[in-house]
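Mapping to UniProt numbering: the sequence shown position 207 is 207, numbers consecutive. Using N, Cα and C, we set each Cβ at its ideal position, and we do this for glycine too. Bear in mind that the values here come from a model prediction, so they are computed numbers and not experimental data.
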Amino acid sequence: MAQDAGRGSGAPRRKVSTLPANFSGAALTRLGEQASQRAEQVNGELAALTYGALVRQLVVDYEDPGEVNVQLERLGYNIGLRLADDFLARSGAPPCRRFVETSEVIARVAFRMYLGVSARVASVAEDGSAYSVVFEENPLADFVEMPTALRDQLWFSNLLCGAIRGALEMVQYVVSVSFVRDVLRGDAYNEIRVALREQRYERAPPDEEL
Numbered sequence: 001m002a003q004d005a006g007r008g009s010g011a012p013r014r015k016v017s018t019l020p021a022n023f024s025g026a027a028l029t030r031l032g033e034q035a036s037q038r039a040e041q042v043n044g045e046l047a048a049l050t051y052g053a054l055v056r057q058l059v060v061d062y063e064d065p066g067e068v069n070v071q072l073e074r075l076g077y078n079i080g081l082r083l084a085d086d087f088l089a090r091s092g093a094p095p096c097r098r099f100v101e102t103s104e105v106i107a108r109v110a111f112r113m114y115l116g117v118s119a120r121v122a123s124v125a126e127d128g129s130a131y132s133v134v135f136e137e138n139p140l141a142d143f144v145e146m147p148t149a150l151r152d153q154l155w156f157s158n159l160l161c162g163a164i165r166g167a168l169e170m171v172q173y174v175v176s177v178s179f180v181r182d183v184l185r186g187d188a189y190n191e192i193r194v195a196l197r198e199q200r201y202e203r204a205p206p207d208e209e210l
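So this is what it looks like as structure tokens:
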């Protein structure tokens with residue numbers, strides 16, 4: 001049975017899953033560190049301030065936190081579509097044959113490569129169709145104090161959900177991705193839930209197109 005991530009003071013425990021040897025936590029963590037070292041380094045403070053300015057402008061333009069959440073997710077989705085090829089080319093991560101295998105690759109390699117932070121997998125569904133990515137540090141939210149009026153409505157870092165959705169769609173997984181917990185809302189850690197909606201399969205072209 002999947003571990004239930006309750007609202008305790010600590011992060012949820014990870015469910016033990018059976019993954020191939022090349023998906024071991026230590027191996028993927030090393031890949032993430034190596035990929036992070038190879039990636040172009042962006043000033044973290046500048047990135048956080050730039051993203052904060054973007055969110056602030058969207059709040060002003062739309063005057064509706066729900067719509068801001070939608071716009072941030074769309075922006076992230078478009079970024080994810082473009083990052084997929086970059087990640088596959090530069091990360092050295094093994095190919096994912098099953099959806100559940102994407103969990104460790106995202107948490108241990110992608111988060112380290114693009115955000116410079118460590119994440120871990122939790123609350124894996126029994127059938128492997130859903131999982132959570134849990135992380136304490138969030139560079140996008142540095143220097144942010146959420147206004148009381150927005151605290152329970154705005155998912156400040158919703159761009160991350162869109163990026164994960166877009167990247168997974170590029171490798172044939174149609175998913176829903178959403179924040180479950182956010183330190184900016186007073187939670188002890190950040191948690192993003194990823195659930196598989198559909199797996200697409202590449203089809204060979206008709207004979208006349210060969």
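Pull up the CB-CB distance for PRO147 and ALA47, whole angstroms please, since I reckon it's below 8 Å.
In fact, because the Cβ distance is near 22 Å, the residues do not count as touching under 8 Å.
Could you tell me whether the stretch 171-185 touches the stretch 143-160, where touching means 3 or more Cβ pairs closer than 8 Å?
Verdict: yes, contact present.
Rank GLY116, ALA119, PHE99, GLU169 by C-alpha distance to the C-alpha of ASN78 and give the top, closest one.
Closest option to ASN78, Cα to Cα, is GLU169.
If you draw a straight line from the alpha carbon of GLY166 to that of ARG197, how long is it in whole angstroms?
Roughly 13 Å between the two C-alpha positions.
So does ALA53 have its beta carbon nearer than 6 Å to some heavy atom of the ligand FMN?
Because no ligand of any kind appears in the structure shown, any question about the ligand FMN cannot be addressed here.
With distances taken from CA atoms, which of ARG112, ALA149, PRO65, VAL175 is nearest GLY128?
The shortest Cα separation from GLY128 among ARG112, ALA149, PRO65, VAL175 belongs to VAL175.
Run the CB neighbour count on PHE143, radius 10 Å, all protein chains shown included, and call it buried at 16 or more, exposed below.
Exposed is the call here.
Looking at the unbroken alpha helix (DSSP H) that takes in PHE156, where does it start and where does it end?
PHE156 -> no alpha helix (DSSP H), and no H or E assigned at all.
Name, in chain order, the residues that DSSP records as bridge partners for ILE106.
DSSP lists no partner for ILE106.
Going straight from the alpha carbon of GLY32 to that of TYR131, what length do you get?
Bear in mind that the predicted position of GLY32 carries a pLDDT of just 49, short of 50, making it unreliable; the figure below should be weighed with that in mind. Straight-line Cα distance between these residues: approximately 19 Å.
Count Cβ pairs between the stretch 76-94 and the stretch 52-66 that sit closer than 8 Å; are there 3 or more?
Segments in contact, no.
VAL133 and ALA107 - do their beta-carbons sit closer together than 7 Å?
Yes.
Would TYR173 and PHE99 be called neighbours here (beta carbons separated by less than 7 Å)?
Yes, the pair counts as a contact, with Cβ atoms nearer than the cut-off.
Looking at GLU136: is its Cβ nearer than 7 Å to the Cβ of TYR189?
Taking 7 Å as the Cβ cut-off, GLU136 and TYR189 qualify as a contacting pair.
Which whole runs of the alpha helix (DSSP H) in the stretch 40-82 are 4 residues long or more, in chain order?
Those alpha helix (DSSP H) runs which fall completely within the stretch 40-82 and span 4+ residues are 44-62.
Thinking C-beta only, is LEU58 closer than 7 Å to VAL70?
Going by C-beta atoms, VAL70 is not nearer than 7 Å to LEU58.
By the 10 Å Cβ neighbour count, where 16 or more other Cβ atoms means buried, how is ALA110 classified, buried or exposed?
Counting Cβ neighbours within 10 Å, ALA110 comes out buried, since at least 16 surround it.
Among residues of its own chain, excluding the 5 on either side of MET201, which ones have a beta-carbon nearer than 8 Å to its beta-carbon?
The sequence shown places Tyr at residue 201, rather than the Met named in the question. Answer for TYR201: GLN172, listed in chain order.
Please identify the residue among VAL194, GLN199, GLU191, CYS161 whose C-alpha is closest to the C-alpha of LEU72.
When only C-alpha atoms are compared, the closest one is CYS161.
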